[in-house]
Amino acid sequence: MNEDLHTSLLQWYESHGRHTLPWRNTADPYRIWISEIMLQQTQVKTVLERFYFPFLERFPTLPSLASAPLDDVLKQWEGLGYYTRAKNLHKAAQLAAPFMPKSVDGLLALPGIGKSTAHAIAAFAYAIPVPILDANVKRILYRFYGRREADEKTLWNLAEKLFDPVHPYEFNQAMMDIGATLCLPKSTRCEECPFQNACKGAAGDPLHYPAPKKSKSVPVRERHIVVYRHNGNYGLKQRTGRFLHGLWGFHEQTAAPEQGTALDSIVQVYSHFRLEAEVWLCEGYHEELTYFGREEIDALALSGADHKVLKQLSASRP
139 MNEDLHTSLL
149 QWYESHGRHT
159 LPWRNTADPY
169 RIWISEIMLQ
179 QTQVKTVLER
189 FYFPFLERFP
199 TLPSLASAPL
209 DDVLKQWEGL
219 GYYTRAKNLH
229 KAAQLAAPFM
239 PKSVDGLLAL
249 PGIGKSTAHA
259 IAAFAYAIPV
269 PILDANVKRI
279 LYRFYGRREA
289 DEKTLWNLAE
299 KLFDPVHPYE
309 FNQAMMDIGA
319 TLCLPKSTRC
329 EECPFQNACK
339 GAAGDPLHYP
349 APKKSKSVPV
359 RERHIVVYRH
369 NGNYGLKQRT
379 GRFLHGLWGF
389 HEQTAAPEQG
399 TALDSIVQVY
409 SHFRLEAEVW
419 LCEGYHEELT
429 YFGREEIDAL
439 ALSGADHKVL
449 KQLSASRP
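Here the sequence shown stands for residues 139 to 456, where the numbers follow our numbering.
Below, the structure is given as structure tokens:
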């Protein structure tokens, strides 16, 4: 059965695959790796229109990324979020330069590269016959095999079972495209899918698979962001905690400052919490901060919340 499925899948990919995506028109493992990391937690359209080409223009090769200061990498990553990805990219480049590893095990040894990403680079750059298991592929497997729930090991076994080792590049790209265009989380176009006749989900209600995840309430973090201004410059500090590590930001505290001018509030939604903050401008010097001119701040890598604070400062024209 798999042979017929593989033939149908190859034909579908030839006619309907997203062949024009730039990372599909290169065998350069570095460029493929950059695309794979960017596409984690980020839509293809966003990566394509705003981030992929500027990043490669700034860091065109693995050695250029490895030799760059982390601040420059974070600045180039600004707006993509999940900044651990950028830090791991930088660290992995330093470990791997001047060449990307050519084996799955070698790729897995680099920070920020998990099994699916390692398999993707291996299949797309080196034609190594291994399947991938991103969110789109998982959803297809749940529906194809009629599984409501499955652990990671089981999903990998199912991926191996369905995989086409003769055409690893086309199979994996087709699976991602089907998941992105036909087998969607909240809707399906089963009549256009090459798996339709063999898919258990398509035989009934495909949206029944997988079982919905239990929704989690997002905690609210209330803060006061205090912008200290001294001699016309603004105080910021570079974050050292795990969250937003390496980015620059204005001073945050839990209580309102004793003095200062209240600006407007901001809201920033992160993956694990919602930040609600009142913004204040205080004239004075804070010894824990580094002071920058307004134009100098534009060269720093900032979080989305801190960019909103900058807009507040511009709007207030104090």
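Ideal Cβ positions, reconstructed from N, Cα and C, are used throughout, including at glycine.
Have a look at His445, Asn369 and Ala400 and flag the residue whose alpha-carbon is nearest the alpha-carbon of glycine 219.
-> Glycine 219 has its Cα closest to that of His445, out of His445, Asn369 and Ala400.
Where does the unbroken beta strand (DSSP E) through arginine 188 begin, and where does it stop?
-> No beta strand (DSSP E) contains arginine 188, which DSSP labels as neither H nor E.
Could you please give me the residues that DSSP links to glutamate 414 through a beta bridge?
-> Paired residue(s): Glu360 and Val405.
Between the Cα of glycine 431 and the Cα atoms of Tyr283, Pro357 and His368, which residue gives the shortest distance?
-> Closest option to glycine 431, Cα to Cα, is His368.
The region 410–419 / the region 357–368 touching (three or more Cβ pairs under 8 Å) | A contact exists between the region 410–419 and the region 357–368.
Which residue comes first and which comes last in the beta strand (DSSP E) that contains glutamate 434?
-> Not the beta strand (DSSP E): glutamate 434 falls in the alpha helix (DSSP H), residues 432–435.
Rounded Cβ spacing between alanine 439 and glutamate 298 (contact assumed at less than 8 Å) | Not confirmed; about 40 Å, so no contact.
In whole angstroms, what separates the C-alpha of proline 323 from that of glutamine 334?
-> One alpha carbon belongs to proline 323, the other to glutamine 334, and they sit about 16 Å apart.
In chain order, what residues of the same chain have a beta carbon less than 6 Å from the beta carbon of glutamine 376, not counting five sequence neighbours either side?
-> Once the five neighbours on either side are set aside, the close Cβ partners of glutamine 376 are Trp386.
Between isoleucine 172 and leucine 227, is the Cβ-Cβ spacing less than 9 Å?
-> In this structure, isoleucine 172 places its C-beta atom within 9 Å of the C-beta atom of leucine 227.
Going by alpha carbons, who is nearest to arginine 162 out of Asp142, Phe262, Ala235 and Tyr168?
-> Shortest Cα-Cα distance from arginine 162 to any of Asp142, Phe262, Ala235 and Tyr168 involves Phe262.
Beta bridge counterpart(s) of arginine 367 as assigned by DSSP | Partner(s): Tyr372 and Glu421.
Taking threonine 319 as the reference, give the member of Tyr168, Asp142, Val182 and Glu141 with the closest Cα.
-> When only C-alpha atoms are compared, the closest one is Val182.
Of the residues Gly384, Met238, Ala247 and Ala312, which one's Cα is nearest the Cα of arginine 156?
-> Closest by alpha carbon: Ala312.
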